[in-house]
Ligand SMILES: [Zn+2]
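In our numbering, the protein residues as written are 60 to 304.
Right, dumping it as structure tokens:
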């Protein structure tokens, strides 16, 4: 059985002398792991189309209990990211998130668009890195069913007037009179978090935050992500070690 779809190569690992196993976030079938036979040695279009950070049109076939790349043609490559270790490690973290949170054998168009848009904005510096990192973390958690409860105060049911408190453990927001502890956030940060979780896809990147608020948002979204997802985010560790001041 053959099937075709577009997908972004999230990672690749060598198998034996000349084969690779690649992990692809596909539009129609979610995360697919497939063997790419001879991909290492052949200097052909398939070789480049099956490398990490390449968005390609794939045809897979099923062989016993595994998938094999029948053909791959690149549509768009984000190889320019390789010239900048900071951007590259963040891009690899985006790929780790997708590999961890996107489903298998299910339509994953929204996940794919999210990652492709973030990579495009990262490589072209359309938004600050912390902005993109917070957007992809909170939005992907939302897609995966981990959206925090960011409406009214979870205790009294009122809209917080000014600052509020984001409680990571309960994924909820509280007003100052109900919960004077936890992570204090400004109205601007709360509204940015609400926007990231609920905005239509075409407006997702249309908001602004002051740099100091962006620092705070990025820190909180990462802590929230790590509280909800048990993934092993090596690229995030690397990025934080080298580039978080
Ligand atoms: Zn309250």
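C-beta: ideal position from N, C-alpha, C; glycine also.
Small disclaimer: the values here were computed from a predicted structure and weren't measured.
Per-residue burial, residue i [other beta carbons within 10 Å of its own, 16 or more giving buried]
i: residue 176; result: buried
i: residue 214; result: exposed
i: residue 150; result: buried
i: residue 93; result: buried
i: residue 279; result: buried
i: residue 217; result: exposed
i: residue 161; result: buried
i: residue 302; result: exposed
i: residue 251; result: buried
i: residue 207; result: buried
i: residue 281; result: buried
i: residue 185; result: exposed
Nearest neighbour of residue i, chosen from the options [CA to CA]
i: residue 240; options: 170, 257, 222, 288; result: 222
i: residue 209; options: 283, 126, 92, 294; result: 283
i: residue 345; options: 226, 159, 110, 230; result: It is not possible to answer for residue 345, since the shown part of the chain is limited to 60 through 304.
i: residue 125; options: 132, 139, 211, 96; result: 96
i: residue 236; options: 212, 128, 229, 288; result: 212
i: residue 183; options: 253, 143, 75; result: 143
i: residue 247; options: 106, 270, 186, 133; result: 270
i: residue 85; options: 109, 147, 179; result: 109
i: residue 289; options: 219, 155, 181, 75; result: 155
i: residue 171; options: 181, 187, 157; result: 157
i: residue 225; options: 260, 77, 60, 275; result: 275
i: residue 204; options: 128, 287, 251; result: 287
i: residue 219; options: 249, 77, 61, 132; result: 249
i: residue 114; options: 272, 273, 131; result: 131
i: residue 168; options: 77, 300, 83; result: 83
i: residue 77; options: 91, 61, 68, 106; result: 106
i: residue 166; options: 91, 145, 138; result: 91
i: residue 44; options: 238, 173, 145, 228; result: Nothing about residue 44 can be read from this structure; the chain reaches only from 60 to 304.
i: residue 178; options: 190, 189, 141, 137; result: 137
Residue i Cβ short of 7 Å to ligand 1 heavy atom set
i: residue 61; result: no
i: residue 217; result: yes
i: residue 208; result: no
i: residue 113; result: no
i: residue 236; result: yes
i: residue 108; result: no
i: residue 212; result: yes
i: residue 152; result: no
i: residue 233; result: yes
Nonlocal neighbours in the same chain, by C-beta distance under 7 Å from residue i, ignoring five residues either side
i: residue 164; result: 88, 89
i: residue 201; result: 256
i: residue 245; result: 222, 272
i: residue 135; result: 114
Same chain only: Cβ atoms within 6 Å of residue i, ignoring 5 sequence neighbours per side
i: residue 192; result: 277
i: residue 71; result: 79, 81, 111
i: residue 263; result: none
i: residue 148; result: 294, 297, 298
i: residue 66; result: 83, 84, 85, 117
Closer than 8 Å to chain D by CB, residue i
i: residue 296; result: Checking the listed chains, one finds no chain D in this structure; it contains a single protein chain.
Beta-carbon proximity list for residue i, same chain, < 8 Å, skipping 5 on both sides
i: residue 63; result: 116, 117, 118, 119
i: residue 139; result: 182
- Along the chain, which unbroken stretches of the alpha helix (DSSP H) at least 4 residues long are found entirely within the stretch 182-253? 188-202
Just to confirm the assignment: which complete alpha helix (DSSP H) runs, minimum length 4, are found wholly within the stretch 86-129?
104-108
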